[in-house]
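For the record, the sequence lines run as chains R and A. Counting from 1 along the first sequence, just add 46 to a position and that's the residue number in our numbering. Counting from 1 along the second sequence, just add 720 to a position and that's the residue number in our numbering. Where a beta carbon is used, it is the ideal one built from N, C-alpha and C, also for glycine. Before any comments, here is the structure.
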Amino acid sequence: MEEVGLGWWGVPLAILAGAIRVSTPFLFVSLGECLTERSGRINLGLEGTLVMGAMSGYAVSYLTGSPWLGVVVAGFSGILFGALHGTICSLPKVNDIAVGIALMVLGTGIAFFLGKPFIQPKALHLPAIELGWWSASEQVRTALRINVLFLIGVVLVPALLWSFKNTRWGLVVRMAGDSADATLAMGYSVRLIRLVSTACGGFLAGVGGAFLSLYYPGSWNEGLSSGQGLMAVALVIFARWNPARCFYASLLFGGAGALGPALQSVGITASYYLFNAAPYVLTLAIMIFTSSPHRTLAGAPSELSVTK
Amino acid sequence: MPFRAGLEAVLIPLAALIFSMVLFGAVISLVGVDPLAVYALIYKGAFGTWFSWQNTLRQTAPLLLTALCVALPAQLGLVVIGGEGALVLGGLAAVAIALAVEGAPPVFVQFSMMLVGMTVGGLWIALAGVLRHYRGVNETISSLLLFYIAVAIMNHLVEGIMRDPASLNKPSTRHIGDANMIGAIPGMDVHWGLVFGVVACIVVYILIFHTTIGFSFRVVGGNLRAAKMAGLPVGRLIVISCFIAGGAAGLAGVFEIAAVHGQANASLIAKYGFTGILVAFIARHNPLAIIPVALLLGGIEASGGLLQRRLDLPDATKLVLQGIAFVVILASEALFGRIRFFQARPA
């Protein structure tokens, strides 16, 4: 097959491809955070969980040779951190935002501490599906090489949406998020619901972290995550606690993250660092435009501390 | 403050710190290192010799100022965690102004560095305050996003127009010149940032607890609705407190430039802003308590190198200790008011 150059068309293509690749961790973390926040708690510690998931996933994949086992272990490390957050926040007078910051520090600390020996070795990566086999262009093929985890994330979106609406569990979680009093009156334990929701949210964030180290960028180092976990929290607010909107917002953020490298690939390097800040600026801009000092946001769980 | 309540405020965090040291020891022994050896090395690296004391004090200086960046907005109920961004931009602005007024008398250069660095740092955090009050944007998230943006701005300028062509491997700005550097406190190898930090803590303490505006800060933090009913200018108070807070972090950046590095490069991002968050939380946002806590955590920072060299522990060891301490300290909040001994006896 002959190589076909795409020239400037490569930029939108690279952004699209980047959107899919970069968005996967956003997608998982935001879905997890969406679940947690729907139960009435905010977990800022998902940044730490993400790094922890990346490290444990990479380490397990390297040691056992099975990237999927790595993903599972990453998820379980996420459950551990989620449960820790949930437990500490169950104590009286404890601020969930502050605990999140603390777990961010602890998660990254433990990940760097235990992950030191795994910076050098190469672990097996997660498999990808070639959806671009029909194209002669290498760029198109690279763009359409889609990771299985992304597809799992895509399936999770309607599943979560459906469960929030139609299952007993979904209803109970939403009730805990909207009124702790009503939940108590119904005979459920608010603490337990929030603990389980935070733990499950942590699982998803851990899986998102495994994507970072096992697929894209696909290695373990200390600069792997740069605030993705935190941006995902902001993204959930932007998505108004709706899993479907979380998906669109993740794609948007992924695209913004791919902007810098995409422009660099066609030779625009002048403002590389500024373009790299695009996701942060975008997050901030979106928060400025969607927040309001006068009313709580539509769709916000009313027990949530950030929206009060 | 009644004696027993004061005792409570000291003993509970202290017990929490000791408990976190024990937990940290457990983690350390998991990787097969003797925790007692680690404790001994931390003590030695932090406070064991005059050399390590000076090292500790050098680390303490920026922590005092970045902790204020968290503690002051906390009086109004805000959780600002982007002090590192104000530090970075404050330092960068200091370099810019020093190079702009090159050739002026050193005292003038140093004064303008402080003024400009504090203003830029202050405006950066004030932006988070403005967004909080006028747009309802959560200040915790916005201030952290502002940190990442600050780093991008610094990289852009240091790799671009402010780059010294002579810096090849590590892009840096030009050096501000040895004459313009702020020297050491006489008799010790510690720069003046330490004195400024301690003074700043005392000044902010007086501001919070002995002035009208400080009282207004605390009313806003205690009960927002009551503050509004009383006619306090809540928005202005939020922005002012954030400006002062950012100014403190910006000053930390100025000293990192003017007393340590002399030029802006990646070394400026040393995460003092993030350790400052922990300092403020352990000190329970009391500016006077920040002084001993910053010394303690400065000691842990200073001993990191020794742990790395002697026991071959990764640099992140201190991050693990900090993370554990942070979590335990927050959990210990639940103990306040629960231990009968500390409660005032009914008269």
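With a threshold of 6 Å on Cβ separation, who are the neighbours of residue i within its own chain once the five nearest residues in sequence on each side are excluded?
i, result
"A/V940", "L796, A947, V954 and L957"
"A/G849", "I958, V959 and C962"
"A/K890", "N985"
"R/A285", "R291, C292 and A295"
Taking the straight line between their C-alpha atoms, what separation do you get for residue i and residue j?
i, j, result
"R/F293", "R/F299", "10 Å"
"R/K211", "A/I1049", "39 Å"
"R/Y156", "A/A1036", "In the sequence as displayed, the identity of residue 156 of chain R is Ile instead of Tyr. The straight-line gap from Cα to Cα measures roughly 8 Å."
"A/E859", "R/L330", "11 Å"
"R/S183", "R/W55", "12 Å"
"R/V203", "A/A1054", "37 Å"
"R/T70", "A/V758", "40 Å"
"A/G1024", "A/G803", "22 Å"
"A/R852", "R/P339", "8 Å"
"A/G913", "R/H171", "48 Å"
"A/P825", "A/F831", "10 Å"
"A/L835", "R/G116", "51 Å"
"R/T336", "R/A278", "15 Å"
"R/A346", "R/P113", "37 Å"
"A/M833", "R/L320", "25 Å"
"R/L281", "A/L807", "26 Å"
"A/I964", "A/C789", "8 Å"
"A/V923", "A/G967", "13 Å"
"R/I283", "A/L843", "26 Å"
"A/V747", "A/S740", "10 Å"
"R/L206", "R/V200", "10 Å"
"A/F828", "A/G897", "14 Å"
Taking the beta carbon of residue i as the centre, do at least 16 other beta carbons fall within 10 Å, making it buried, or is it exposed?
i, result
"R/A295", "buried"
"A/M901", "buried"
"A/K1038", "buried"
"A/H981", "buried"
"A/R1058", "exposed"
"R/L309", "buried"
"A/I675", "Only positions 721 to 1067 of chain A appear in this structure, which leaves residue 675 of chain A out of reach."
"A/Q1063", "exposed"
"R/T213", "exposed"
"A/T769", "exposed"
"A/M874", "buried"
"A/G726", "exposed"
"A/M908", "exposed"
"A/R778", "buried"
"R/M47", "Note that R/M47 scores a pLDDT of 38, beneath 50, so its modelled location is shaky; the value from the coordinates is reported in the next line. Label assigned to R/M47: exposed."
"A/F937", "buried"
"A/H876", "buried"
"A/I762", "buried"
"R/V242", "buried"
"A/T995", "buried"
Based on the DSSP output, what are the partners of residue i in its beta bridges?
i, result
"A/S893", "The sequence shown places Thr at residue 893 of chain A, not Ser. In DSSP, A/T893 forms a bridge with A/R883."
"A/I817", "The partner list for A/I817 (beta bridge, DSSP) is empty, contrary to what the question assumes."
"A/A904", "A/H911"
"R/R191", "R/E176"
Under the assumption that residue i contacts residue j (Cβ atoms under 8 Å), give the Cβ distance between them as a whole number of angstroms.
i, j, result
"A/L863", "A/I845", "The identity of residue 863 of chain A in the sequence shown is Ser, whereas the question assumes Leu. That belief holds up - the Cβ atoms of A/S863 and A/I845 are roughly 7 Å apart, short of 8 Å."
"A/R894", "A/L809", "Incorrect: roughly 18 Å between the Cβ atoms, too far for contact."
"A/L743", "A/G1018", "Incorrect: roughly 21 Å between the Cβ atoms, too far for contact."
"R/G247", "R/G78", "4 Å"
"R/A148", "A/G1043", "7 Å"
"R/S348", "R/D224", "5 Å"
"A/P1034", "R/F74", "That belief does not hold up - the Cβ atoms of A/P1034 and R/F74 are roughly 27 Å apart, past 8 Å."
"R/I134", "A/V857", "Not quite, the Cβ-Cβ distance comes to about 26 Å (not below 8 Å), so this is no contact."
"R/S123", "R/M150", "No, R/S123 and R/M150 are not in contact; Cβ-Cβ is about 15 Å, not under 8 Å."
"R/V327", "A/I869", "6 Å"
"A/G973", "A/G823", "Not really, about 23 Å apart at Cβ, beyond 8 Å."
"A/I977", "A/A872", "That pair is no contact at about 19 Å."
Please return the same chain residues whose Cβ sits closer than 7 Å to the Cβ of residue i, not counting the five positions on each side in sequence.
i, result
"R/Y318", "G306 and Q310"
"R/N322", "G306"
"R/I66", "I192, F196 and G300"
"A/A729", "R1004"
"R/V218", "Y234 and I239"
Considering only residues of the same chain and omitting the five flanking positions on each side of residue i, which have a CB-CB separation below 8 Å?
i, result
"A/A760", "none"
"A/L944", "G797 and V954"
"R/L59", "L52, Q185, V186 and A189"
"A/I1020", "I762, A766, K1038, L1041 and Q1042"
"A/S724", "Checking the sequence, you will find Arg at residue 724 of chain A rather than Ser. Answer for A/R724: F1061, F1062, Q1063 and A1064, listed in chain order."
"R/L343", "I283, R286, T336, S337 and T353"
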